[in-house]
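Each position in the sequence shown, counted from 1, maps to that position plus 7 in our numbering. Idealized CB from N, CA, C, for every residue including glycine. Here's the structure, in structure tokens; my notes come after.
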Amino acid sequence: MSDLMRYGIAVSPGTPVNQILTGWMNAWFVNMRDPRFRLRERMVAFHNAMDRAFGAYLAQLREELASLRKRLPQPTREDPFPNLEALSAVKELEAYIRRVESVRTLALSAPVPPDEYVFHGRAEHEGLLNELARMDGEIAEKMQALSPQTIDEVEQMLRARNERWHALVQP
8 MSDLMRYGIA
18 VSPGTPVNQI
28 LTGWMNAWFV
38 NMRDPRFRLR
48 ERMVAFHNAM
58 DRAFGAYLAQ
68 LREELASLRK
78 RLPQPTREDP
88 FPNLEALSAV
98 KELEAYIRRV
108 ESVRTLALSA
118 PVPPDEYVFH
128 GRAEHEGLLN
138 ELARMDGEIA
148 EKMQALSPQT
158 IDEVEQMLRA
168 RNERWHALVQ
178 P
């Protein structure tokens with residue numbers, strides 16, 4: 008329920024017009040100090056934190072790629088072809104960077120429930136929101152130490168989260 012005292016409706020007589028107006032005020036004005044209405048805000052903050060974590064990890068990988076490229080021997084007249092092993096390591100790291108970028112895009116495109124699901128939702132919406140919050144917590148635990156193994160797990164968890172959301176939104 009919103010802070011109706013501020014609008015003078017809560018102390019007015021209980022006429023039908025005031026009851027309708029009270030219903031409209033409750034539907035559109037939400038007490039943001041109530042912790043259950045901060046779920047969407049926390050999910051947006053989590054997405055921003057994921058973006059920062061993936062950005063830092065990608066910066067680290069790009070530094071490694073730059074150092075690998077610097078260590079590649081320059082072709083000379085006597086040896087015009089580059090070392091294929093070193094070149095394959097560079098190509099593998101480039102492919103891994105593209106994979107991490109795709110997982111970052113998947114993380115940024117993960118849906119955040121709209122306000123009407125948070126503020127005016129039914130019991131099934133509350134269950135879904137709690138499940139999404141739990142999934143976000145599991146993803147955050149996996150992202151504590153990003154590596155090639157955890158990237159696969161994070162991607163699977165993000166896909167499962169997106170599928171869970173789309174199962175409710177698109178019946």
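*Nearest-angstrom Cα distance between residue 73 and residue 163?*
Residue 73 and residue 163: Cα-Cα distance of roughly 29 Å.
*Can you give the beta carbon distance from residue 136 to residue 64, rounded, assuming they're within the 8 Å contact cut?*
That pair is no contact at about 28 Å.
*asked:* If contact is defined by three or more beta carbon pairs under 8 Å, each pair taking one atom from either stretch, is the region 79–88 in contact with the region 112–120?
replied: The region 112–120, when compared against the region 79–88, does not touch it at the 8 Å Cβ threshold.
_Cβ pair residue 107, residue 61 closer than 8 Å_ = Residue 107 places its beta carbon less than 8 Å from that of residue 61.
_Can you give me the C-alpha to C-alpha distance between residue 143 and residue 156, rounded to a whole angstrom?_
Straight across, the Cα-Cα distance linking residue 143 with residue 156 is about 18 Å.
*Proximity of residue 91 and residue 75 at Cβ, strictly below 8 Å*: Note that the C-beta distance between residue 91 and residue 75 is not below 8 Å.
*Looking only at its own chain, which residues have a Cβ that is under 6 Å from the Cβ of residue 71, when we skip the five neighbours before and after it?*
In its own chain, leaving out the 5 sequence neighbours on each side, no residue places its CB closer than 6 Å to the CB of residue 71.
*Kindly list the residues whose CB is nearer than 8 Å to the CB of residue 168, restricted to its own chain and excluding five residues on each side of it in sequence; keep chain order.*
Closer than 8 Å at the Cβ level, and outside the excluded window around residue 168, lie 117, 139, 142, 143, 146.
*If you draw a straight line from the C-alpha of residue 170 to the C-alpha of residue 49, how long is it?*
Their Cα atoms are separated by approximately 20 Å.
*Buried or exposed for residue 51, please, with buried defined as at least 16 other CB atoms from any protein chain shown within 10 angstroms of its CB.*
When all chains shown are included, residue 51 counts as exposed.
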